[in-house]
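If you're matching them up, the sequences are chains A and B in order.
Quick note, the working numbering runs 296 ahead of the 1-based positions in the first sequence.
Quick note, the working numbering runs 296 ahead of the 1-based positions in the second sequence.
Protein chains: 2
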Amino acid sequence: MPERDRHARADPAAVPPRLRSLASRLLGRSAGHADRISNAHLAAAGATRWQYATLVTLRDGGPASQAALSDRTGIHRSDMVAVLGELTETGHARRVPDPADRRRNIVTLTEAGQARLGVLDHLVDQAQDELLTPLSAAERGELVRLLQRLDEHHSAR
Amino acid sequence: MPERDRHARADPAAVPPRLRSLASRLLGRSAGHADRISNAHLAAAGATRWQYATLVTLRDGGPASQAALSDRTGIHRSDMVAVLGELTETGHARRVPDPADRRRNIVTLTEAGQARLGVLDHLVDQAQDELLTPLSAAERGELVRLLQRLDEHHSAR
DNA sequence: GCTCATTCGTTAGTCCCCCTAACGTTTGGA
DNA sequence: TCCAAACGTTAGGGGGACTAACGAATGAGC
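What follows is the structure in structure tokens.
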């Protein structure tokens, strides 16, 4: 077991007020916490966030091309290749050429993929809960609402 | 100028609701927007966020060792080396051995560093404003408060 | 006074996410 | 028919956060 590094993360009380109130800094740090927690929970099932996002998108939107999955998940097309490689290798997704347009693959969710998605949904819920522990239900809703406005504004165009 | 990549970022309307409401995902995406905007504004002056954070910490807390700067900024000690290398090379900070404890360096803000900090403060304010454009003043305050609670909770131990 | 764990600065290198560049194939519109 | 565009794919870059290890220096407990 490696020694715990005492010099990695900021001492909250010692951070200058100017930095402590910067939205960009707070977003970066909170995103870091969120990543750590989400990855840890999903890793318990040997999964990643990209795999989860792709599986959810297949369930919600039905079979789709890789390009469509990229658009809907925000995962880059060049990375989607590897994600689908993992998902098909483990039997959670199927990838077959589209006979109507031979440039495309049609990706579908398998039964095993649906089952796994149920497990991952639960893990992700746990991760959200751990992340948002210090906030009330109303505050969690407010935070999500504000972040959605931010994301929508900066994603447009 | 390179072709704009039309396949990088998610199409907001096509993202499944389950993903669109995940706090961890929204934090990651918003942090990405924040990083892009902050970097762009600071780059106009040839600066980085780590440089800015270090300069602010020197102004707020006065001269300090590199370890103290790491604790106060959250920048890893191994990365702080390079940041101070840049700041001293450009004459914005000074780094001298501590006669009382020869393991340490005492880092101080120079006059040129103070002047530069004034410029960067303004650029950072502009970046925050661009980032938070879609939110009212009250909403910006609320967002910052919620994120502070999140960060403090997950930074403590 | 010594010993030894600890701290400090530093270097090197890893991992993950996001992104660019380029390519061969296939399609569809001018 | 020709050419621009979309598709999947491969290779690689760059930044941020981190681990591991090291020599030098310090200081607390014996």
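We put the beta carbon where it would ideally sit given N, CA and C, even for glycine.
Residue i in three-state terms, based on DSSP
i: residue 429 of chain A; result: coil
i: residue 406 of chain A; result: coil
i: residue 319 of chain A; result: helix
i: residue 393 of chain A; result: strand
i: residue 341 of chain B; result: coil
i: residue 452 of chain A; result: coil
i: residue 378 of chain A; result: helix
i: residue 360 of chain A; result: strand
i: residue 438 of chain A; result: helix
Supposed contact pair residue j and residue i - C-beta distance, whole angstroms, cut 8 Å
i: residue 401 of chain B; j: residue 412 of chain B; result: Not a contact, Cβ separation roughly 20 Å.
i: residue 365 of chain B; j: residue 405 of chain B; result: Contact flag wrong, Cβ pair sits at about 11 Å.
i: residue 416 of chain B; j: residue 351 of chain B; result: 7 Å
i: residue 308 of chain A; j: residue 452 of chain B; result: 6 Å
i: residue 428 of chain B; j: residue 441 of chain B; result: Between residue 441 of chain B and residue 428 of chain B the Cβ distance is about 13 Å, and since that is not below 8 Å, they are no contact.
Where residue i falls, given that 16 or more other Cβ within 10 Å makes a residue buried
i: residue 447 of chain A; result: buried
i: residue 457 of chain B; result: Residue 457 of chain B is absent from the structure shown; chain B starts at 297 and stops at 453.
i: residue 324 of chain B; result: buried
i: residue 414 of chain B; result: exposed
i: residue 347 of chain A; result: buried
i: residue 377 of chain B; result: exposed
i: residue 301 of chain B; result: Interpretation of residue 301 of chain B is limited by its pLDDT of 47, a score under 50 that renders its predicted location unreliable; the figure taken from the coordinates is listed afterwards. It is exposed - the Cβ of residue 301 of chain B has fewer than 16 other Cβ atoms within 10 Å.
i: residue 329 of chain A; result: buried
i: residue 337 of chain B; result: buried
i: residue 432 of chain B; result: exposed
i: residue 349 of chain B; result: buried
i: residue 409 of chain B; result: buried
i: residue 374 of chain B; result: exposed
i: residue 327 of chain B; result: buried
i: residue 281 of chain B; result: Shown here, chain B extends from 297 to 453; a query on residue 281 of chain B therefore has no answer.
i: residue 396 of chain B; result: exposed
i: residue 434 of chain A; result: exposed
| the stretch 419-452 of chain B: which residues have C-beta closer than 8 Å to a C-beta of chain A, in chain order? | 420, 423, 424, 427, 428, 429, 430, 431, 435, 436, 438, 439, 440, 442, 443, 444, 445, 446, 447, 448, 449, 450, 451, 452
| field | the stretch 384-395 of chain B: positions lying closer than 8 Å to chain A by Cβ | value | none
| message | Check whether the stretch 419-435 of chain A and the stretch 308-327 of chain B touch, using three or more Cβ-Cβ pairs below 8 Å as the test. | response | yes
| task | Could you run through the stretch 364-376 of chain B and flag, in chain order, every residue whose CB is less than 7 Å away from some CB of chain A? | result | 366, 367, 368, 369, 370, 372, 373
| field | At least 3 beta-carbon pairs within less than 8 Å: the stretch 325-345 of chain A vs the stretch 373-385 of chain B | value | no
| said: With a threshold of 8 Å, are at least 3 pairs of Cβ atoms found where one atom belongs to the stretch 369-377 of chain A and the other to the stretch 349-369 of chain B? | reply: no
| message | So if I threshold CB-CB distances at 7 Å, which residues from the stretch 338-359 of chain B count as touching chain A? | response | 349, 352, 353, 356, 357
| said: Closer than 9 Å between beta carbons: that is the criterion. Which residues of the stretch 310-324 of chain A meet it against chain B? | reply: 310, 311, 312, 313, 314, 315, 316, 317, 318, 319, 320, 321, 322, 323, 324
| Of all the residues that make up the stretch 324-336 of chain B, which are near chain A by a beta-carbon distance shorter than 9 Å? | 324, 325, 326, 327, 328, 329, 330, 331, 332, 333, 334
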